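In the working numbering, the protein residues as written are 80 to 200. Even for Gly, the Cβ is constructed at its ideal location relative to N, Cα and C. Quick caveat, the model's predicted, so the values are computed rather than measured. One structure below.
Okay, structure coming up:
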């Protein structure tokens with residue numbers, strides 16, 4: 080979220096140079112004060128400032144591959160470029176989707192536990 084002047088971000092607490100037209104129609108440089116943030120939105124826009132919202136790039140990787148690219152909620156079988164099924168080391172067809180495949184979690188590392196009789200505190 081930022082105020083822009085001619086495409087340049089104007090930083091809070093910093094003065095900036097804008098342009099205005101005097102009574103004779105001549106364009107002149109105007110140095111605006113560093114407290115310009117206290118101006119109303121109407122004053123800011125009348126001095127050439129434009130509000131720009133930040134782009135929302137957040138997404139839940141459980142359900143989206145990227146921003147606005149949803150994963151299928153149904154598992155789909157993986158195939159190669161020729162349409163042949165892609166198999167894992169055990170010969171089972173692999174799939175993808177939002178739901179984790181529990182059979183693929185079998186080789187996941189397990190947390191180490193300390194046996195209660197194996198402490199010396």
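In the DSSP assignment, find the unbroken beta strand (DSSP E) run with residue i in it and report its ends.
i	result
residue 202	The question about residue 202 has no answer, for the chain in this structure spans 80 to 200.
residue 129	128-131
Could you check where the alpha helix (DSSP H) with residue i kicks off and where it finishes?
i	result
residue 120	120-125
For residue i, which residues does DSSP report across the bridge?
i	result
residue 98	108
residue 144	Beta-bridge pairing links residue 144 to no other residue.
residue 85	BP columns for residue 85 are empty, so no partner.
residue 166	172
residue 156	174
Helix or strand or just coil, what does DSSP make of residue i?
i	result
residue 90	coil
residue 136	coil
residue 80	coil
residue 185	Note on residue 185: pLDDT 49, under 50, position unreliable in the model; the coordinate value appears next. Three-state DSSP puts residue 185 in coil, outside helix and strand.
Compare the C-beta of residue i with all C-beta atoms of chain D and state if any pair is closer than 9 Å.
i	result
residue 131	The structure shown contains no chain D, having only a single protein chain.
Using 8 Å as the cut-off, classify the Cβ of residue i as near or not near the heavy atoms of the ligand FMN, replying yes or no.
i	result
residue 150	Questions concerning the ligand FMN fall outside what the structure shown contains, since it holds no ligand whatsoever.
Segment contact flag, the stretch 91-102 with the stretch 111-125, C-beta cutoff 8 Å, min 3 pairs: yes
Would the stretch 168-175 and the stretch 152-159 be scored as touching if the rule is three or more Cβ pairs under 8 Å? yes
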